[in-house]
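Visitor: Residue numbers (my numbering), protein chains in the order written: chain Y, 5 to 254; chain G, 5 to 254. The C-beta atom is built at its ideal place from N, Cα and C for all residues, glycine as well. Here you go, one structure.
Number of protein chains: 2
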Amino acid sequence: MTGWLVVAGLGPGDEALVTPQVSAALAEATDIVGYIPYVRRIAPRPGLTLHATDNRVELDRARHALEMAQAGRRVVVVSSGDPGVFAMASALFEAVEAGPLSWRCIDIRVLPGVTAMLAAAARIGAPLGHDFCAINLSDNLKPWDVIARRLTLAVQADFAIALYNPRSASRPDGFGHALDLLRGVCEPGRILIFARAVTTPEESLRVVTLAEATPEMADMRTVVLIGSSATRIIPRDGTPIVYTPRSAAS
Amino acid sequence: MTGWLVVAGLGPGDEALVTPQVSAALAEATDIVGYIPYVRRIAPRPGLTLHATDNRVELDRARHALEMAQAGRRVVVVSSGDPGVFAMASALFEAVEAGPLSWRCIDIRVLPGVTAMLAAAARIGAPLGHDFCAINLSDNLKPWDVIARRLTLAVQADFAIALYNPRSASRPDGFGHALDLLRGVCEPGRILIFARAVTTPEESLRVVTLAEATPEMADMRTVVLIGSSATRIIPRDGTPIVYTPRSAAS
């Protein structure tokens, strides 16, 4: 049996957002590898082994997947959203580079998915409709000064900004610092969207100004979208529409 | 009949990347609206009217779609990739804001898709595996100095960068200017990926250094990915793997 390794994005939560390409890979797999809540999304069946592991063991998980693929298994490493955005694809290739040369011959494919910021944007309008950036707010793997510098330059560039992993129990303070930083460089009316658990039954969407934003509005299931200076609100009954126009002035 | 309007992302080209959510909307539609090459992707069937229009008429197209939805039609506006990334969603909401108040009551849904930069990244490894930004290089709707400033700040922030719409027959020179700008602020070994028509039969992927890059390597079907200073190449037989590590130093 010839093994292979697929790194697949399951999208933000709604099964109707899982691409047919990913569904086909899951149907052919012998082994599923991933963080517990993502592996939980895969239906058990005979012949399929589920390997669910805890957070922060990405490299161990990657090596395990590579070893199984080399031994002839058909392995799918599952990520939520898109695997190339703050997820398992980068960890996998880190393991490949550091591992035996034979790992470079393994049939590895990355299957893209709908990443959280784009799902969140779609639910509220088109806040990322012009130039934008994505910043991982977790300081597990980079120092806070790098995050602060990037956030400052992103505001200077007038990007709309998506913040991934804004806040967790082990990192309760970073997002508050980010809000303080933004208050120093943006007008108080700057638009923020707190999009939690988008496309799942627990979804919540909240549109506030920077002046109204508090750290408690975010947790690990939230992606925070920060409008550019041009981002606009269209009021209507219920949740407003938020969009960023396609044009920009000098 | 109650009309609705869906703005749907068809993904980068491969039909296996169209989400089931989008397929379901297409199956229920009475009218498909969009740019000619995207509408061409929709199979004709009885009861479905295809309204294919030329490029650069986004607002007319949006108004037409809104009028039909208000008249009770089930309208899908199709974009390639994700509709919220340099595509029809922003134009649609621009039309809503400028239009009659009654348009704000139309049932409008944006259905996300796999955007070109993420499909391209998946095909080559994980070059967007850390903080990154997306810049539309078309100067149809923004002056060149805004593009140049954003590109410079993005390099200072050490983002990986995705350039959409790098070059067209009507804008032959901008991408050359962008390369000149990059040569002034990045090392000559900076990694660039020219990803053309990803996931289609015409796909081509090319990994070069900034020193090797030429304007002719890009056209309107190309998305250009520029690595951060940390982006790495893993050599192997055939196309190398390119990835950006998850960690960053101060």
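Does any residue of chain G have a CB that is nearer than 8 angstroms to the CB of Y/ASP58?
Guide: Y/ASP58 does not count as touching chain G.
Visitor: Which residues, taken in chain order from the segment 36 to 48 of chain Y, show a beta carbon closer than 7 angstroms to some beta carbon of chain G?
Guide: Taking 7 angstroms as the Cβ-Cβ cut-off against chain G, none of the residues of the segment 36 to 48 of chain Y qualify.
Visitor: Taking the alpha-carbon of G/THR23 as reference, which of G/VAL37, G/GLY117, G/GLU32, G/ALA201 has the nearest alpha-carbon?
Guide: Comparing Cα positions, the closest option is G/GLY117.
Visitor: Quick one: which unbroken alpha helix (DSSP H) runs of 4-plus residues sit fully inside the segment 20 to 93 of chain Y? Chain order, please.
Guide: 24 to 32, 40 to 43, 62 to 74, all fully within the segment 20 to 93 of chain Y.
Visitor: Compare the Cα-Cα distances from Y/GLU32 to each of Y/ILE46, Y/ALA164, Y/ARG60 and report the closest residue.
Guide: The candidate whose alpha carbon is nearest that of Y/GLU32 is Y/ILE46.
Visitor: What residues in the segment 133 to 158 of chain G have a beta carbon less than 8 angstroms from any beta carbon of chain Y?
Guide: Answer set for the segment 133 to 158 of chain G: GLY133, HIS134, ASP135, PHE136, CYS137, ALA138, ILE139, ASN140, LEU145, LYS146, PRO147, ASP149, VAL150, ARG153, ARG154, LEU157, ALA158.
Visitor: So which residues on chain Y does G/LEU115 lean against when the C-beta distance must stay under 8 angstroms?
Guide: Within 8 angstroms Cβ-Cβ: ALA126.
Visitor: Since Y/TRP8 is in the beta strand (DSSP E), which residue starts that stretch and which ends it?
Guide: Start and end: 8 to 13.
Visitor: Give every residue of the same chain whose Cβ lies closer than 8 angstroms to the Cβ of Y/LEU63, excluding the five residues on either side of it in the sequence, and list them in chain order.
Guide: Excluding positions up to five away in sequence, the list reads ALA95, GLU98, ALA99.
Visitor: Any C-beta of chain Y sitting closer than 8 angstroms to the C-beta of G/PRO24?
Guide: Taking Cβ atoms only, chain Y reaches closer than 8 angstroms to G/PRO24, which makes this a yes.
Visitor: What separation, rounded to the nearest whole angstrom, lies between the Cα atoms of G/ALA182 and G/GLY193?
Guide: Each residue's alpha carbon lies about 16 angstroms from the other.
Visitor: Assuming contact is defined by CB atoms lying nearer than 8 angstroms, are G/GLY88 and Y/ALA158 in contact in what I supplied?
Guide: Going by C-beta atoms, G/GLY88 is not nearer than 8 angstroms to Y/ALA158.
Visitor: Please report how far the alpha carbon of G/GLN74 lies from the alpha carbon of Y/ALA20, in whole angstroms.
Guide: Going by the C-alpha atoms only, they are around 26 angstroms apart.
Visitor: Please tell me whether Y/THR119 has its Cβ less than 8 angstroms away from any Cβ of chain G.
Guide: True, the Cβ-Cβ gap to chain G drops below 8 angstroms.
Visitor: Helix, strand or coil: which one does DSSP assign to G/SER106?
Guide: Helix, per DSSP.
Visitor: Quick check: the segment 25 to 45 of chain G against the segment 168 to 176 of chain G, are at least 3 beta-carbon pairs closer than 8 angstroms?
Guide: No, the segment 168 to 176 of chain G does not touch the segment 25 to 45 of chain G.
Visitor: Please name the residue, chosen from Y/THR235, Y/THR203, Y/GLY7, that lies closest to Y/ARG77 on a Cα-to-Cα basis.
Guide: Ranking Y/THR235, Y/THR203, Y/GLY7 by Cα distance to Y/ARG77 puts Y/GLY7 first.
Visitor: Can you say whether G/SER83 is buried or exposed, counting buried as having 16 or more other CB atoms within 10 angstroms of its CB?
Guide: Buried: at least 16 other Cβ atoms inside 10 Å.
Visitor: Quick one: does the C-beta of Y/LEU209 sit closer than 7 angstroms to a heavy atom of the ligand ADP?
Guide: Here there are no bound small molecules, and the ligand ADP is not part of this structure.
Visitor: Name the two residues that bound the continuous alpha helix (DSSP H) containing Y/LEU157.
Guide: Note, Y/LEU157: alpha helix (DSSP H), 148 to 160.
Visitor: Quick one: using the 10 Å Cβ neighbour count with 16 as the cut-off for buried, is G/VAL189 buried or exposed?
Guide: Result: exposed.
Visitor: Relative to the C-alpha of Y/GLY51, which residue among Y/THR218, Y/ASN140, Y/ASP35, Y/VAL246 is closest?
Guide: Of the listed residues, the one whose Cα sits closest to Y/GLY51 is Y/ASP35.
Visitor: Please report the Cβ distance between Y/ILE128 and Y/ILE238, rounded to the nearest whole angstrom; I am assuming they are in contact, meaning their Cβ atoms lie under 8 angstroms.
Guide: Not quite, the Cβ-Cβ distance comes to about 11 angstroms (not below 8 angstroms), so this is no contact.
Visitor: Nearest by alpha-carbon distance to Y/GLU206: which of Y/GLU220, Y/ALA252, Y/THR226, Y/THR213 is it?
Guide: Taking only the C-alpha atoms, the option nearest Y/GLU206 is Y/THR226.
Visitor: With G/PRO131 and G/LEU229 assumed to form a contact (beta carbons below 8 angstroms), what rounded beta-carbon distance in angstroms separates them?
Guide: Confirmed, Cβ separation roughly 5 angstroms.
Visitor: If contacts are defined as beta-carbon pairs under 8 angstroms, then Y/VAL37 and Y/VAL10 qualify, I think. What distance do you get, rounded to the angstrom?
Guide: That pair is no contact at about 10 angstroms.
Visitor: Y/GLY88 versus chain G: which residues are under 7 angstroms apart at the beta carbon?
Guide: Result: LEU122, ALA125, ALA126, ALA130, LEU132, GLY133.
Visitor: So that I know if they touch, is there some Cβ in chain B lying closer than 8 angstroms to that of Y/ARG250?
Guide: Any reference to chain B falls outside this structure, whose protein chains are Y and G.
Visitor: When the cut-off is 8 angstroms and only beta carbons count, does G/ALA81 lie next to chain Y?
Guide: As written in the sequence, residue 81 of chain G is Val, which differs from the Ala given in the question. Not closer than 8 angstroms to any Cβ of chain Y, the Cβ of G/VAL81 fails to qualify, so no.
Visitor: Alpha carbons only, please: which of Y/ASP111, Y/ARG67, Y/THR119 is nearest the one belonging to Y/ALA91?
Guide: Out of Y/ASP111, Y/ARG67, Y/THR119, Y/THR119 has the C-alpha closest to the C-alpha of Y/ALA91.
Visitor: Could you please give the first and the last residue of the uninterrupted beta strand (DSSP E) stretch that includes G/ARG113?
Guide: 112 to 115 is the extent of the beta strand (DSSP E) around G/ARG113.
Visitor: Can you tell me whether DSSP reads Y/PHE2 as helix, strand or coil?
Guide: An answer regarding residue 2 of chain Y cannot be provided, because it is not within the stretch 5 to 254 covered by chain Y.
Visitor: Where does G/VAL211 fall in DSSP's three states?
Guide: Of the three classes helix, strand and coil, the one that applies to G/VAL211 here is strand, per DSSP.
Visitor: Check the Cβ-Cβ distances between Y/ALA201 and every residue of chain G, and say whether any is below 8 angstroms.
Guide: Not closer than 8 angstroms to any Cβ of chain G, the Cβ of Y/ALA201 fails to qualify, so no.
Visitor: Suppose contacts are defined by Cβ-Cβ distances below 8 angstroms. Is G/ILE151 in contact with G/ASP143 by that definition?
Guide: Yes. Within cutoff.
Visitor: Going along chain Y, which residues have a C-beta under 8 angstroms from G/VAL100?
Guide: Near G/VAL100 (Cβ distances below 8 angstroms), the residues of chain Y are ILE238, ILE245.
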